[in-house]
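Protein sequence lines correspond, in order, to chains S and W.
Counting along the first sequence from 1, when you hit position 17 you're at 17 in our numbering, and nothing is skipped either side.
If you count the second sequence from 1, you need to add 1000 to reach our numbering.
Positions of the beta carbon are idealized from the N, C-alpha and C atoms, including for glycine.
These figures come from a predicted structure and were not determined experimentally.
Note sheet for the following structure.
2 protein chains.
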Amino acid sequence: MSVTIKDIAEKANISYPSVSRALSGKPGVSEETRKKILKIAEEMNYQPNALARSLVQNKSSTIGLIIPDILNPYFPEIAKGVEDEAHINELSVFLCNSDWDDTRERKYIDKLLAKRVDGIIIFPTSKRNISEIRRKAGSDLPIIILGGSYAEEGSVSIAIDDVLGAEISVVHLLDKDYRNLAFIGGKSGLSSVDDRLEGFVAGHKKFGLEVSLEMIVESELTFNGGYTAMNELLDRGGQPGAVLAENDVIAMGVIQAIRTRGLKIPEDIAVAGFDDIPMASMTGIDLTTVRQPKYEMGKMAVLELKALLDKEIYSKVNKRLVLKPELIIRKTS
Amino acid sequence: MSVTIKDIAEKANISYPSVSRALSGKPGVSEETRKKILKIAEEMNYQPNALARSLVQNKSSTIGLIIPDILNPYFPEIAKGVEDEAHINELSVFLCNSDWDDTRERKYIDKLLAKRVDGIIIFPTSKRNISEIRRKAGSDLPIIILGGSYAEEGSVSIAIDDVLGAEISVVHLLDKDYRNLAFIGGKSGLSSVDDRLEGFVAGHKKFGLEVSLEMIVESELTFNGGYTAMNELLDRGGQPGAVLAENDVIAMGVIQAIRTRGLKIPEDIAVAGFDDIPMASMTGIDLTTVRQPKYEMGKMAVLELKALLDKEIYSKVNKRLVLKPELIIRKTS
DNA sequence: TTGAAAGCGCTAACAC
DNA sequence: GTGTTAGCGCTTTCAA
């Protein structure tokens, strides 16, 4: 059993509320007794019990981070931003990996709510679960939504302009005279997929071009997803002039599929991605992509969360932070 | 304020301990009342308070995961293993990113202890902090140490045989007639660095070769670290025949440095890494490397933790799980 | 400055 | 099967 403030109080011949005051730096104890108590606590190897403290204070100094795929380098970057900023603000973070699974995501939400987190930062798997959280959480929990245009009453959302991002990418490709572009992305229903597809179409429109439906391919949002989708596309005989992938990891799979067939990038097929994950800039890859300020987004998320917590406005807010995407042109286009 | 079991009890005209029994599936309530209570709980949008429960049960169903660098793809893979297995076992995980910083690591340990985690899984920044945790944690906290040969009383360690891994890699390079090998790794004091260096020397010995000290270069354990270290080595004029990098991320930096100078891999310089992160197998990279079962290691860590928890042996244990490394030969050697 | 008392939301032991 | 009581470790009134 671990040491409690009562144990310390006994040893110091003082009441335990005084020990509490001394340890948490509150006024109401003389400097003398405070020092004495601090010393005894140290000697006894006292570890405060944050659970008990949270229970009475009704705040846990803990936040939940729900991301869909920690293996996609995009998310660790966000996670690091979250973690760094949380650490600065003395918050602990629960890591939840939803695996793009709706049900699992909901389970995590329940868990986090039970653990009485002070707020939730979520990169949602679908639009549906968002209102679900808001409902379950009641009105007193800050929710920060990452990476998508989710306008939900009672939350702050942070994302780049996905439509614009895809559009400038497509315009760049068409400018360079690539034609017959393909879009390889995830299932409809995910905000980023829908928005980027919208930008894909918008970019074409600027050139007076139509998008053909066969050139829009659904895939898992992973390396293998991109690899498989690209192979299917090529098997079908429809060789595109360029491919816009919904994210960089998919783009990597696309590149792998193209190269495995002995085709050259960008001579035979150009490729562009989304996110600008670290490996995109590697020699040997050199992927053209739309950069997102991932680390900063993670930091912002915690900062916004803190702001809500301080102001205690929680659910009355409905703020959308839209960041500017930046096209990074490299050798694959 | 949120709904409590007392609120439910009131509404159901029953005592609140009965509500507790009903909700946690314990015997002592009739099926009838249980159903009734479950229904009311649902209606009132009841969220159990895990903090209160943890306080009385003296267990939090929460574990801490301390890793040094979530941006290195090696660690997300481990984290995913941990997270998946934790999720299966109804455990939540606190993510802590130590950034290879001793002090920060110690802060996290204190935080986790305060939050009364049921156990800690740590990839330590140095050998020193290990005994520190054991001391602070007292005798009743399971500690699982990842990625290094840390024999510490009262813990389970899980790692591949780093010495052997480096040795088979060096033997492979020497077999292929590469000579004048360089080792680029982190600071001494980190178990994996020391052990891999030992294997580096051992491999040479098998060929009756000596290692020259100028060929052992210290670097940050990152892409930039590898990039900088390799450039320094080349600037010095000492062009190695091959480079063994302490990990794949460093190897990527090394590759970048070599290619930026217009040198060819493996014709001019061969490169081998450690870990087998996903991008190592990308066309355009094709890195020869020593594979670690990262995901499995993460899962094992939780499983071992659970086992300690169930047996309540905690600190009396001293178990070392040494896994077999596997050399994956690709085009960089 | 200090102590006494209450209570955060829950579980567990015991009595009925 | 159900209610009563106590208590987990802490903070926070309120008196002294």
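Through-space distance from residue j to residue i, alpha-carbon basis
{"i": "GLU1222 (chain W)", "j": "LYS6 (chain S)", "result": "The question names Glu, but residue 1222 (chain W) is Thr in the sequence shown. Whole-angstrom Cα-Cα distance: 47 Å."}
{"i": "LEU141 (chain S)", "j": "THR1260 (chain W)", "result": "50 Å"}
{"i": "ARG179 (chain S)", "j": "ALA242 (chain S)", "result": "7 Å"}
{"i": "SER131 (chain S)", "j": "ILE1109 (chain W)", "result": "36 Å"}
{"i": "ILE168 (chain S)", "j": "ILE329 (chain S)", "result": "11 Å"}
{"i": "ILE265 (chain S)", "j": "THR1289 (chain W)", "result": "26 Å"}
{"i": "ILE1250 (chain W)", "j": "GLY1119 (chain W)", "result": "31 Å"}
{"i": "GLU232 (chain S)", "j": "ILE216 (chain S)", "result": "12 Å"}
{"i": "LYS1035 (chain W)", "j": "PRO1027 (chain W)", "result": "13 Å"}
{"i": "GLY1284 (chain W)", "j": "ILE121 (chain S)", "result": "36 Å"}
{"i": "TYR1150 (chain W)", "j": "LEU91 (chain S)", "result": "30 Å"}
{"i": "LEU1023 (chain W)", "j": "ILE1088 (chain W)", "result": "21 Å"}
{"i": "LEU308 (chain S)", "j": "ARG135 (chain S)", "result": "18 Å"}
{"i": "VAL163 (chain S)", "j": "ALA202 (chain S)", "result": "8 Å"}
{"i": "ALA86 (chain S)", "j": "GLU1210 (chain W)", "result": "48 Å"}
{"i": "MET282 (chain S)", "j": "ASP1310 (chain W)", "result": "46 Å"}
{"i": "ILE184 (chain S)", "j": "ASP177 (chain S)", "result": "20 Å"}
{"i": "SER18 (chain S)", "j": "GLU32 (chain S)", "result": "12 Å"}
{"i": "GLY1138 (chain W)", "j": "LEU1197 (chain W)", "result": "34 Å"}
{"i": "GLY189 (chain S)", "j": "ASP101 (chain S)", "result": "13 Å"}
{"i": "LYS206 (chain S)", "j": "VAL302 (chain S)", "result": "38 Å"}
Within-8 Å CB hit, residue i to chain W
{"i": "ILE285 (chain S)", "result": "yes"}
{"i": "ALA230 (chain S)", "result": "Per the sequence shown, residue 230 (chain S) should be read as Met rather than Ala. Not an interface residue."}
{"i": "ALA33 (chain S)", "result": "Looking at the sequence shown, residue 33 (chain S) is not Ala but Thr. It does not: the Cβ of THR33 (chain S) has no partner Cβ on chain W nearer than 8 Å."}
{"i": "GLY138 (chain S)", "result": "yes"}
{"i": "ASN89 (chain S)", "result": "no"}
{"i": "LYS80 (chain S)", "result": "yes"}
{"i": "PRO68 (chain S)", "result": "no"}
{"i": "GLN47 (chain S)", "result": "yes"}
{"i": "GLU83 (chain S)", "result": "yes"}
{"i": "LYS71 (chain S)", "result": "Lys is not the amino acid found at residue 71 (chain S); the sequence shown has Leu there. With 8 Å as the cut-off, LEU71 (chain S) counts as an interface residue toward chain W."}
DSSP three-state assignment for residue i, whether helix, strand or coil
{"i": "PHE123 (chain S)", "result": "coil"}
{"i": "ILE145 (chain S)", "result": "strand"}
{"i": "SER1018 (chain W)", "result": "helix"}
{"i": "ASN1089 (chain W)", "result": "coil"}
{"i": "LYS1026 (chain W)", "result": "coil"}
{"i": "ASP175 (chain S)", "result": "helix"}
{"i": "ARG1320 (chain W)", "result": "strand"}
{"i": "ASP1118 (chain W)", "result": "coil"}
{"i": "LEU308 (chain S)", "result": "helix"}
{"i": "ARG1330 (chain W)", "result": "coil"}
{"i": "ASP1275 (chain W)", "result": "strand"}
{"i": "SER157 (chain S)", "result": "strand"}
{"i": "GLU152 (chain S)", "result": "coil"}
{"i": "ILE1216 (chain W)", "result": "strand"}
{"i": "THR4 (chain S)", "result": "coil"}
{"i": "THR1288 (chain W)", "result": "strand"}
Any chain S beta carbon closer than 8 Å to residue i
{"i": "GLU1077 (chain W)", "result": "yes"}
{"i": "ALA1052 (chain W)", "result": "yes"}
{"i": "ASN1247 (chain W)", "result": "no"}
{"i": "PRO1142 (chain W)", "result": "no"}
{"i": "SER1094 (chain W)", "result": "The identity of residue 1094 (chain W) in the sequence shown is Phe, whereas the question assumes Ser. Yes, PHE1094 (chain W) lies at the interface with chain S (some Cβ there is under 8 Å from its Cβ)."}
{"i": "PHE1183 (chain W)", "result": "no"}
{"i": "ARG1259 (chain W)", "result": "yes"}
{"i": "ILE1130 (chain W)", "result": "no"}
{"i": "MET1044 (chain W)", "result": "no"}
{"i": "GLN1256 (chain W)", "result": "yes"}
{"i": "MET1024 (chain W)", "result": "The residue you asked about is not Met; residue 1024 (chain W) is Ser in the sequence shown. Answer no: the Cβ-Cβ gap between SER1024 (chain W) and chain S never drops below 8 Å."}
{"i": "SER1002 (chain W)", "result": "yes"}
Residue i: CB within 7 Å of a non-hydrogen atom of the ligand PLP
{"i": "LEU263 (chain S)", "result": "For the structure depicted, the ligand PLP is absent and the ligand set is empty, with no information on it obtainable."}
Practice task
Taking only runs that begin and end inside the stretch 229–260 of chain S, name each unbroken alpha helix (DSSP H) of 4 or more residues, in chain order.
Solution key: Within the stretch 229–260 of chain S, the complete alpha helix (DSSP H) runs of at least 4 residues are 248–260.
Practice task
Taking only runs that begin and end inside the stretch 51–110 of chain S, name each unbroken beta strand (DSSP E) of 3 or more residues, in chain order.
Solution key: With a minimum length of 3 residues, the continuous beta strand (DSSP E) runs that stay inside the stretch 51–110 of chain S are 62–67 and 92–97.
Problem - Chain-ordered residues of the stretch 278–309 of chain S with a beta carbon less than 8 Å from chain W - result: The stretch 278–309 of chain S vs chain W, Cβ under 8 Å: PRO278, MET279, MET282, THR283, GLY284 and ILE285.
Handout entry: Length-filtered (3 minimum) beta strand (DSSP E) runs lying within the stretch 1165–1213 of chain W
Key = Runs found: 1181–1185.
Practice task
With 7 Å as the C-beta to C-beta threshold (strictly closer), list the residues of the stretch 110–125 of chain S near chain W in chain order.
Solution key: For the stretch 110–125 of chain S, the residues whose beta carbon sits under 7 Å from a beta carbon of chain W are, in order, LYS111, LEU113, ALA114, LYS115 and ARG116.
Problem - Near-chain W residues of the stretch 211–226 of chain S (beta-carbon distance less than 8 Å), N- to C-terminal order - result: Those would be PHE223, in chain order.
Problem - Residues, ordered as in the chain, of the stretch 1262–1276 of chain W that lie near chain S by beta-carbon distance below 8 Å - result: Of all residues in the stretch 1262–1276 of chain W, none is placed with a Cβ closer than 8 Å to any Cβ belonging to chain S.
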